[in-house]
Ligand SMILES: [Zn+2]
Ligand SMILES: [Zn+2]
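Numbering (this note's numbering), first residue to last: -3 to 442.
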């Protein structure tokens, strides 16, 4: 049984020794951004780095995902440390891939450094042998819920069930042997300047929508066509009329993009596609807003006499941070940085964005704290991870130290944390819930 402080000091020294190595991984991922379920280069990079730590990871989980283990000296609970691999698309970002527009404008590249840094710390022989249990190292694909048509296509081909990385990890059983899970996300918000946690994130429902009309010569015989683009415009204006109907506390957001606005200007657009999002703080709020959005989408088709196909795809569930686990994380953040090192958000604070860590948090104790170290606008063209100490090194140390608290001393604190946690759903209930949110509708406005 190791001395906790001695083990934590050894863990921190191990992260410090890997500073250059970790920065090179973070930079390599930054230079090679890939969107969800296409992170093949990133997965290869992470796989190589895990191998350098002596971890043989299983790859190809949910197409590009990976999972490996560090086995402690004796049996006990399994704690997952997760890093996300995907980027979003922000074509104006200086590090954007010129062909795809993919850019790490959410800092997931830093998460890979954090996860590998924690892995390096915990794989120190003296540390690892003092742990009772295992650490599951996960590289998760596709957290950003984008490219919905592509993902829906993968689902139709049977390559995906649920359409985000951690959702699919759950479905495929990658979390079946995991008792607790943690990750840290970078932030550029002033309120997250060091570490922060608590509150919740919005959940969401995803819409893949096709407005269908009739093609005709746009100059010669527009009267014989049905414009799917006009239908979409009526629908989106109708969506805007709903905004004043939402309760402030529900943090509802309706938004989306037209992914295809027609095929040629000379032809009345007959196929217009929209990828939409319905976000809210609770499932009831999301359901209410989604019903309203569907009404508006139908209204567009009705007004023009066209058709609309609405696919509702199960998005993310609101996150719940496990109090015990967050406490362990907070204690170590404070140990590393002093009392101002961790800001706890009130439980009723809702972040407008969403994460599939929310789904994980509904079935097992999980946390998704934030760390500073980034600058610019999240998902914007100027987002950058600037301070590697705060964005990579310290989160790696704090996660490693938290795992030591949970799994050293016979995993007493880990067992206590587990005994106190009350995740609301079993995996089976989660899958049933998500299945019930899936719906396909064709509405005839003719
Ligand atoms: Zn993001
Ligand atoms: Zn993110």
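No residue lacks a Cβ here, since even glycine has one placed at the ideal position from N, Cα and C.
In its own chain, which residues sit with a C-beta less than 6 angstroms from the C-beta of residue 234, not counting the 5 before and 5 after it?
Here residue 234 refers to the residue found at position 238 when the chain shown is read from its first residue. For residue 234, where only same-chain residues beyond five positions count, the Cβ hits under 6 angstroms are 292, 295.
For residue 200, which residues of its own chain have a beta-carbon under 8 angstroms away from its beta-carbon, when the five flanking residues on both sides are left out?
Residue mapping note: residue 200 aligns to position 204 of the chain shown, counting from 1. The residues are 141, 273, 274, 275, 276, 282, 311, 312, 350.
Touch test, the region 8 to 17 against the region 391 to 398, Cβ-Cβ under 8 angstroms, three pairs minimum:
The region 8 to 17, when compared against the region 391 to 398, does touch it at the 8 angstroms Cβ threshold.
Is the region 107 to 125 touching the region 13 to 28, taking contact as three or more C-beta pairs under 8 angstroms?
The region 107 to 125 is in contact with the region 13 to 28.
If you reduce the DSSP assignment to three classes, tell me which class residue 439 lands in.
The residue you call residue 439 lines up with position 443 of the chain shown. Secondary structure of residue 439 (DSSP, three-state): strand.
Between residue 375 and residue 101, which are expected to be in contact by the criterion C-beta below 8 angstroms, what is the C-beta distance as a whole number of angstroms?
Numbered from its first residue, the chain shown carries residue 375 at position 379. Numbered from its first residue, the chain shown carries residue 101 at position 105. In this structure, residue 375 and residue 101 form a Cβ contact; the two beta carbons are roughly 5 angstroms apart against a cut-off of 8 angstroms.
Starting from the C-beta of residue 417, find all residues in its chain whose C-beta is less than 7 angstroms away, skip the five residues before and the five after it, and write them out in chain order.
Against the chain shown, residue 417 aligns to sequence position 421. So the qualifying residues of the chain are 318, 320, 361.
Considering residue 11, what are the terminal residues of the alpha helix (DSSP H) in which it resides?
Here residue 11 corresponds to residue number 15 of the chain shown, with the count starting at 1. The continuous alpha helix (DSSP H) containing residue 11 extends over residues 0 to 13.
Length of the line joining the Cα atoms of residue 423 and residue 299
Taking the first residue of the chain shown as position 1, residue 423 is located at position 427. Taking the first residue of the chain shown as position 1, residue 299 is located at position 303. The alpha-carbon of residue 423 is positioned some 43 angstroms away from that of residue 299.
Applying the 10 Å Cβ sphere with the 16-neighbour rule, what's the burial state of residue 77?
Position 81 of the chain shown, counted from the start, is the residue given in the question as residue 77. Buried: at least 16 other Cβ atoms inside 10 Å.
Residue range of the unbroken beta strand (DSSP E) whose run includes residue 305:
For the purposes of this step, residue 305 is taken as the residue at position 309 of the chain shown. From DSSP, the beta strand (DSSP E) with residue 305 extends over 303 to 310.
Which same chain residues end up closer than 8 angstroms to residue 385 when comparing Cβ atoms and leaving out the 5 residues on each side of it in sequence?
For the purposes of this step, residue 385 is taken as the residue at position 389 of the chain shown. Excluding positions up to five away in sequence, the list reads 369.
Rounded to whole angstroms, what is the Cα-Cα separation between residue 104 and residue 364?
Stepping through the chain shown from its first residue, residue 104 is reached at position 108. Stepping through the chain shown from its first residue, residue 364 is reached at position 368. Roughly 13 angstroms between the two C-alpha positions.
Is any heavy atom in ligand 1 found nearer than 6 angstroms to the beta carbon of residue 140?
Counted from its first residue, the chain shown places residue 140 at position 144. Answer for residue 140: yes, Cβ within range of ligand 1.
Could you tell me the alpha carbon to alpha carbon distance between residue 343 and residue 288, rounded to whole angstroms?
Sequence index remark: in the chain shown, residue 343 carries index 347 (1-based). Sequence index remark: in the chain shown, residue 288 carries index 292 (1-based). Approximately 28 angstroms, taken between the alpha carbons.
Looking at residue 327 and residue 163, is the spacing between their C-beta atoms short of 7 angstroms?
Counted from its first residue, the chain shown places residue 163 at position 167. Counted from its first residue, the chain shown places residue 327 at position 331. Cβ atoms of residue 163 and residue 327: not closer than 7 angstroms.
Could you compute how far the alpha carbon of residue 341 sits from the alpha carbon of residue 223?
Taking the first residue of the chain shown as 1, we reach residue 341 at position 345. Taking the first residue of the chain shown as 1, we reach residue 223 at position 227. So the alpha carbons of these two residues sit roughly 48 angstroms apart.
Coarse secondary structure for residue 413, derived from DSSP in three states
Walking along the chain shown from the start, residue 413 turns up at place 417. Three-state result, residue 413: helix.
Hey, how far is the Cα of residue 271 from the Cα of residue 254?
Working through the chain shown from its first residue, we reach residue 271 at position 275. Working through the chain shown from its first residue, we reach residue 254 at position 258. When rounded, the separation of the alpha-carbon atoms in residue 271 and residue 254 is 6 angstroms.
Option in 79, 215, 132 with minimal Cα separation from residue 108:
Mapped onto the chain shown, residue 108 falls at position 112. Nearest in C-alpha terms to residue 108, of all of 79, 215, 132, is 79.
Touching by the beta-carbon criterion (3+ pairs, under 8 angstroms), the region 121 to 134 and the region 60 to 68:
Cβ pair count under 8 angstroms is three or more, so yes.
Using DSSP with H/G/I as helix, E/B as strand and the rest coil, what is residue 238?
Taking the chain shown and counting its residues from 1, the one referred to as residue 238 is at position 242. In this structure, residue 238 counts as coil in the three-state DSSP scheme.
Over the uninterrupted alpha helix (DSSP H) stretch that includes residue 55, give me the two end residues.
Working through the chain shown from its first residue, we reach residue 55 at position 59. Annotation: residue 55 is outside any alpha helix (DSSP H); the continuous beta strand (DSSP E) that includes it extends over 54 to 57.
Tell me residue 67's beta-bridge partners as DSSP assigns them.
Indexing the chain shown from 1 puts residue 67 at position 71. DSSP output for residue 67 lists 130 as bridge partner(s).
At which residues does the beta strand (DSSP E) containing residue 203 begin and terminate?
Stepping through the chain shown from its first residue, residue 203 is reached at position 207. Its beta strand (DSSP E) spans residues 199 to 208.
Hey, is the region 179 to 190 in contact with the region 245 to 263, meaning 3+ C-beta pairs nearer than 8 angstroms?
They do not touch, by the three-pair rule.
Does DSSP classify residue -3 as helix, strand or coil?
Taking the first residue of the chain shown as position 1, residue -3 is located at position 1. Note that residue -3 scores a pLDDT of 43, beneath 50, so its modelled location is shaky and nothing firm can be said.
Count the other CB atoms within 10 Å of the CB of residue 346; is the residue buried (16 or more) or exposed (fewer)?
The sequence position of residue 346 within the chain shown is 350, counting from 1. With 16 or more Cβ atoms within 10 Å of its Cβ, residue 346 is classed as buried.
Once DSSP output is grouped into helix, strand and coil, what is the label at residue 250?
Position 254 of the chain shown, counted from the first residue, corresponds to residue 250. Taken through DSSP and simplified to helix, strand or coil, residue 250 comes out as strand.
Is residue 292 close to ligand 1? I mean its beta-carbon at under 6 angstroms from any heavy atom of the ligand.
As a first step, residue 292 must be located in the chain shown, where it is residue number 296. No - ligand 1 has no heavy atom lying nearer than 6 angstroms to the Cβ of residue 292.
The alpha helix (DSSP H) that contains residue 333, what's its start and end?
Numbered from its first residue, the chain shown carries residue 333 at position 337. Residue 333 -> alpha helix (DSSP H) spans 319 to 333.
Find the nearest neighbour of residue 373 within the set 54, 86, 56, 245, judged by alpha-carbon distance.
Residue 373 sits at position 377 when you count from the first residue of the chain shown. Just measuring C-alpha positions, the residue of 54, 86, 56, 245 sitting nearest residue 373 is 86.
Does DSSP put residue 28 in a helix, a strand or coil?
Within the chain shown, the letter at position 32 stands for residue 28. Collapsing the DSSP output to three states places residue 28 in coil.
So is residue 290 buried or exposed if we call it buried at 16+ other beta carbons inside 10 Å?
For this step, residue 290 is matched to residue 294 along the chain shown. Around the beta carbon of residue 290, 16 or more other beta carbons lie within 10 angstroms, which makes this residue buried.
Under the assumption that residue 58 contacts residue 171 (Cβ atoms under 8 angstroms), give the Cβ distance between them as a whole number of angstroms.
For the purposes of this step, residue 58 is taken as the residue at position 62 of the chain shown. For the purposes of this step, residue 171 is taken as the residue at position 175 of the chain shown. With a Cβ gap of about 11 angstroms, residue 58 and residue 171 do not count as contacting.
Based on the DSSP output, what are the partners of residue 270 in its beta bridges?
Reading the chain shown from its first residue, position 274 is the one you call residue 270. Bridge partners of residue 270: 205, 254.
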